[in-house]
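Asks:
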Amino acid sequence: MSEIDINAAGTRYSKNVLYYFKKDKLALLGGIIVIFFTLIGIFAPYIAPHSPIDMNLQRRLIKPSLAFPLGTDQLGRCTLSRLIYGTRTSFGDALIVLAGILAIGVPLGILAGYVGGWVDNFIMRLADIVLTFPSSLVALAVVGILGPGILNIMLVLVFLWWAPFARIIRGTVLKLKEMDFVMAAKAAGTSKFNIIVKHILLNAVSPIIVLSTLKVASIITHIAGFSFIGLGTQPPTADWGIMLSDSRQFISSAPSLMVWPGLTIMTVVFGLNMFGEGLNEALRPSLN
Numbered sequence: 001m002s003e004i005d006i007n008a009a010g011t012r013y014s015k016n017v018l019y020y021f022k023k024d025k026l027a028l029l030g031g032i033i034v035i036f037f038t039l040i041g042i043f044a045p046y047i048a049p050h051s052p053i054d055m056n057l058q059r060r061l062i063k064p065s066l067a068f069p070l071g072t073d074q075l076g077r078c079t080l081s082r083l084i085y086g087t088r089t090s091f092g093d094a095l096i097v098l099a100g101i102l103a104i105g106v107p108l109g110i111l112a113g114y115v116g117g118w119v120d121n122f123i124m125r126l127a128d129i130v131l132t133f134p135s136s137l138v139a140l141a142v143v144g145i146l147g148p149g150i151l152n153i154m155l156v157l158v159f160l161w162w163a164p165f166a167r168i169i170r171g172t173v174l175k176l177k178e179m180d181f182v183m184a185a186k187a188a189g190t191s192k193f194n195i196i197v198k199h200i201l202l203n204a205v206s207p208i209i210v211l212s213t214l215k216v217a218s219i220i221t222h223i224a225g226f227s228f229i230g231l232g233t234q235p236p237t238a239d240w241g242i243m244l245s246d247s248r249q250f251i252s253s254a255p256s257l258m259v260w261p262g263l264t265i266m267t268v269v270f271g272l273n274m275f276g277e278g279l280n281e282a283l284r285p286s287l288n
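Note that full-length UniProt numbering has the sequence shown beginning at 1, numbered continuously upward.
1) Are the beta-carbon atoms belonging to ALA104 and VAL158 less than 8 Å from one another?
2) Assess contact between the segment 109 to 117 and the segment 166 to 186, defined as three or more Cβ pairs (one per stretch) separated by less than 8 Å. Is contact present?
3) Measure how close the beta-carbons of PRO261 and GLY86 come, nearest whole angstrom, since I'm counting them as under 8 Å.
4) Tell me which residue opens and which closes the alpha helix (DSSP H) that MET55 is part of.
5) Can you tell me whether PHE21 is buried or exposed? The criterion is at least 16 other CB atoms within 10 Å of its CB, across all chains shown.
6) Opposite THR172 in the DSSP bridges: which residues?
7) ALA141 CB to nearest chain C CB: under 8 Å?
8) Assuming THR190 is part of the alpha helix (DSSP H), what are its boundary residues?
9) Skipping 5 residues on each side, what residues in its chain have a beta carbon closer than 7 Å to that of VAL142?
10) Between the segment 262 to 272 and the segment 23 to 39, are three or more C-beta pairs nearer than 8 Å?
11) Based on Cα-Cα distance, which residue from ASN194, SER245 and SER212 lies nearest to LYS177?
12) ILE40 to HIS199, Cα distance in whole Å?
13) Using a Cβ-Cβ cut-off of 7 Å (strictly less than) and excluding sequence neighbours within five positions of ILE242, which residues of its own chain qualify?
14) Under the three-state reduction of DSSP, which class applies to THR72: helix, strand or coil?
15) In whole angstroms, give me the CA-to-CA distance for PRO148 and SER81.
16) For the alpha helix (DSSP H) holding SER65, just list the boundary residues, first then last.
17) To which residues of the same chain is THR237 closer than 7 Å at the C-beta, ignoring the five residues directly before and after it?
18) Based on Cα-Cα distance, which residue from PRO69, ILE42 and LEU61 lies nearest to HIS50?
19) SER245 to ILE229, Cα distance in whole Å?
20) Is the beta carbon of MET154 sitting closer than 8 Å to the one on ASP93?
21) Buried or exposed for ASP239, going by 16 or more other Cβ atoms inside 10 Å?
22) Does GLU281 come out as helix, strand or coil in the three-state DSSP assignment?
23) Is the beta carbon of THR267 sitting closer than 8 Å to the one on LEU83?
24) Can you check which of these residues, LEU201, LYS192, PRO64 and GLN58, is closest to LEU75 by C-alpha distance?
25) Any idea if LEU66 is buried or exposed, counting beta-carbon neighbours within 10 angstroms, 16 or more meaning buried?
26) In chain order, which alpha helix (DSSP H) runs of at least 4 residues are fully inside the segment 100 to 178?
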């Protein structure tokens with residue numbers, strides 16, 4: 001595939017995405033939500049009105065005001081500031097996990113699909129074995145051995161969730177390596193490395209982006225769940241799961257303490273899922 005062909009393909013993908021998102025309002029809303037929370041996480045220190053960890057028992061459980069727009073929690077910490085910094089924590093941890101998943105799943109998927117033979121069989125059987133392990137139970141076992149901590153949870157998710165990526169990338173590579181432009185590159189004497197990087201990987205970007213967007217929502221939910229039961233992110237770090245857990249005992253006297261982090265998690269997951277589904281539909285013509 002020439003440079004002109006690559007640029008034309010990129011332009012076509014962009015037009016498909018823009019056209020679809022103009023038609024699908026939910027996908028557009030999802031994209032806006034994702035961008036909104038991404039910007040909040042990036043600029044958290046400049047947006048948050050207070051420190052997320054500074055405690056002051058004299059101002060505990062105060063109602064919303066100009067100084068504290070969403071009130072304070074049981075330790076006198078600004079609820080809004082903790083939500084904002086929780087965005088950075090949740091998105092940051094999720095992106096680190098996703099990077100680890102991609103670093104394992106994408107190379108193995110490309111290797112299995114392009115090389116084939118016993119290499120393909122070995123990688124796919126390994127993926128089948130990994131897929132049989134329930135991530136939640138494995139995480140609980142690892143935490144029981146190594147102790148609670150977000151790093152342990154993240155490692156479990158990386159080493160168990162690379163398999164779906166590897167399988168999908170393998171299927172894409174099996175189709176791509178039989179296409180004319182790959183055959184032409186082989187006939188021209190192009191090295192296997194250059195074929196994989198310039199032709200295979202470039203054309204497999206679309207499914208990688210779609211699956212990554214959808215997977216981030218699952219990662220955020222899992223991390224928040226483990227933080228909720230005290231096995232993930234540890235206090236005093238601002239985290240949506242910790243905020244939900246800390247506010248359980250005040251559900252009658254201060255229900256908003258649970259409403260805000262719960263609503264935030266629901267909104268982010270909804271946005272990521274709608275955005276991912278929109279990308280999937282928008283890029284589908286390019287993948288067929």
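In this text, a Cβ means the ideal position worked out from N, Cα and C, and glycines have one as well. Here the structure is a predicted model, which means the values were calculated and not measured.
Replies: With the structure as the only source:
1) What you label residue 104 is simply residue 104 of the sequence shown in a count that begins at 1. What you label residue 158 is simply residue 158 of the sequence shown in a count that begins at 1. Inspection of the sequence shows that residue 104 is occupied by Ile rather than by Ala. Contact: yes.
2) yes
3) Here residue 261 refers to the residue found at position 261 of the sequence shown. Here residue 86 refers to the residue found at position 86 of the sequence shown. The pair is a contact, with the Cβ atoms about 7 Å apart (cut-off 8 Å).
4) By 1-based counting over the sequence shown, the position of residue 55 is 55. From DSSP, MET55 is part of no alpha helix (DSSP H); its letter is neither H nor E.
5) Within the sequence shown, residue 21 is the residue found at index 21, counting from 1. Buried: at least 16 other Cβ atoms inside 10 Å.
6) Numbered from its first residue, the sequence shown carries residue 172 at position 172. According to DSSP, which records beta bridges pairwise, THR172 is partnered with nothing at all.
7) Here chain C cannot be found, since the structure has a single protein chain.
8) Here residue 190 corresponds to residue number 190 of the sequence shown, with the count starting at 1. Element bounds for THR190: n/a, residue is neither H nor E.
9) Position 142 of the sequence shown, counting from 1, holds the residue named residue 142. So the list reads ASN152 and VAL156, once near-sequence residues are dropped.
10) yes
11) Here residue 177 refers to the residue found at position 177 when the sequence shown is read from its first residue. For the residues ASN194, SER245 and SER212, the minimum Cα distance to LYS177 belongs to ASN194.
12) By one-based count along the sequence shown, residue 40 stands at place 40. By one-based count along the sequence shown, residue 199 stands at place 199. Answer to the nearest angstrom: the Cα atoms are 36 Å apart.
13) One-based indexing of the sequence shown puts residue 242 at position 242. Result list for ILE242: SER227, THR233 and PRO235, in chain order.
14) Here residue 72 refers to the residue found at position 72 of the sequence shown. Three-state DSSP puts THR72 in a strand.
15) If you number the sequence shown from 1, residue 148 lands on position 148. If you number the sequence shown from 1, residue 81 lands on position 81. For PRO148 and SER81, the distance between alpha carbons rounds to 25 Å.
16) What you label residue 65 is simply residue 65 of the sequence shown in a count that begins at 1. Taken as a continuous stretch (DSSP letters only), SER65 belongs to no alpha helix (DSSP H), as it is neither H nor E.
17) Mapped onto the sequence shown, residue 237 falls at position 237. Result list for THR237: THR89, in chain order.
18) Indexing the sequence shown from 1 puts residue 50 at position 50. Out of PRO69, ILE42 and LEU61, PRO69 has the C-alpha closest to the C-alpha of HIS50.
19) In the sequence shown, counting from the first residue as 1, residue 245 sits at position 245. In the sequence shown, counting from the first residue as 1, residue 229 sits at position 229. In a straight line, the C-alpha of SER245 is about 7 Å away from that of ILE229.
20) Residue mapping note: residue 154 aligns to position 154 of the sequence shown, counting from 1. Residue mapping note: residue 93 aligns to position 93 of the sequence shown, counting from 1. It is a contact, given that the beta carbons lie within the stated cut-off.
21) Taking the sequence shown and counting its residues from 1, the one referred to as residue 239 is at position 239. That one is buried.
22) Within the sequence shown, numbered from 1, the residue matching residue 281 stands at position 281. DSSP places GLU281 in helix when its eight states are reduced to three.
23) Indexing the sequence shown from 1 puts residue 267 at position 267. Indexing the sequence shown from 1 puts residue 83 at position 83. Cβ distance not < 8 Å, so THR267 and LEU83 don't count as in contact.
24) Start at 1 with the first residue of the sequence shown, and residue 75 comes out as number 75. Taking only the C-alpha atoms, the option nearest LEU75 is GLN58.
25) Within the sequence shown, the letter at position 66 stands for residue 66. When all chains shown are included, LEU66 counts as exposed.
26) 117 to 131, 135 to 146 and 150 to 176
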